[in-house]
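A.B. asks: Handing you a structure now.
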Ligand code: MD6
Ligand code: FE
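Structure, rendered in structure tokens:
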């Protein structure tokens, strides 16, 4: 049946990816899993809705005093915040004084499965930053360096409108690669490129059948000590 020239495609692996599924290396230790979250989109978007009902999206202020164009909220034991005092993780939402909403189980499952598929077994995030982009908004080149340890990967999930992701190097001035992230794409990022600069170009106008004129991005991280 399966002769030497007949590639065997594992049906269990196929079921995890959609028809466009596949893996692309973005950089050392950074992998794009095309369509990995697509089949879970309804559940993920419903969980974002639930989280934001308790901890609304807001435009945070950078330490330099600029309001961010991307709206953000968090779930999990730790949430990333910025204000005039700096960038950091907090266990409570400064808007309400209450703990951030719990990490939804489907987020934990997706993070574990995506990290495993990219070669990082046993990833248990304690923080999920949720970014909401509208046309005209962007995220400037930055490093994710507010976590207690850089030993863990970051799992990033794109939903809704497509965006162009920029991926650079250890120095802000390093040349960047550009990659379009579409609805359902997951990036797993760890190892040698964990501290590489990256950002999102200005979102183009458009309509997505599930999110309208918006893009959501989840970044699942391990922020606190081990
Ligand atoms: C975004 N993502 O895609 C922003 N950071 O909207 C990030 O800033 C990011 O995708 C660290 C690792 C993966 C990411
Ligand atoms: Fe980032």
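Residue numbers (the numbering used here): 14 to 239.
The beta carbon of each residue, even a glycine, is placed where N, CA and C say it ideally should be.
Just so you know, these numbers come straight off a predicted model, no measurement behind them.
What's the gap between the Cα of residue 235 and the Cα of residue 222?
C.D. replies: Taking the straight line from one Cα to the other gives about 32 Å.
A.B. asks: Under DSSP, the beta strand (DSSP E) around residue 145 begins and ends at which residues?
C.D. replies: 140-146
A.B. asks: Taking only three categories from DSSP, how would you classify residue 120?
C.D. replies: helix
A.B. asks: What runs of the beta strand (DSSP E), each 3 residues or longer, lie entirely inside the stretch 131-193?
C.D. replies: 140-146, 152-155, 167-173, 176-180
A.B. asks: Run the Cβ filter for me: residues under 7 Å from any heavy atom of the ligand FE, listed in the order they occur in the chain.
C.D. replies: Taken from the N-terminal end onward, the list reads 155, 157, 211, 232.
A.B. asks: Here's the rule I'm using: 16 or more other beta-carbon atoms within 10 Å means buried, otherwise exposed. How should residue 160 be labelled?
C.D. replies: Buried, by the Cβ-count rule.
A.B. asks: What did DSSP end up calling residue 19 once you bin it into helix, strand or coil?
C.D. replies: Note that residue 19 has pLDDT 47, beneath the 50 cutoff, so the model's placement of it is unreliable and the number below is only indicative. Coil, per DSSP.
A.B. asks: Looking only at its own chain, which residues have a Cβ that is under 7 Å from the Cβ of residue 74, when we skip the five neighbours before and after it?
C.D. replies: Only residues of its own chain outside the window of five on either side were considered, and among them 80, 95, 96, 97 have a CB closer than 7 Å to the CB of residue 74, listed in chain order.
A.B. asks: Between the C-alpha atoms of residue 20 and residue 147, what's the straight-line distance to the nearest angstrom?
C.D. replies: Below a pLDDT of 50, predicted positions are generally treated as unreliable, and residue 20, at 47, falls in that range; the measurement from the model is reported next regardless. Going from the Cα of residue 20 to the Cα of residue 147 covers about 43 Å.
A.B. asks: Hey, would you say the C-beta of residue 202 is under 7 Å away from at least one heavy atom of the ligand MD6?
C.D. replies: yes
A.B. asks: Just to confirm the assignment, what range does the beta strand (DSSP E) spanning residue 37 have?
C.D. replies: First-last of the beta strand (DSSP E) with residue 37: 35-40.
A.B. asks: Spatial neighbours of residue 125 within its chain, please: C-beta separation below 8 Å, excluding the five flanking residues on both sides.
C.D. replies: 135, 136, 137
A.B. asks: Please list, in chain order, all residues of the same chain as residue 4 whose beta carbon is under 6 Å from its beta carbon, the five residues on each side excluded.
C.D. replies: What is shown of the chain runs 14 to 239, which leaves residue 4 out entirely.
A.B. asks: Alpha carbon to alpha carbon, what distance is there between residue 46 and residue 37?
C.D. replies: 7 Å
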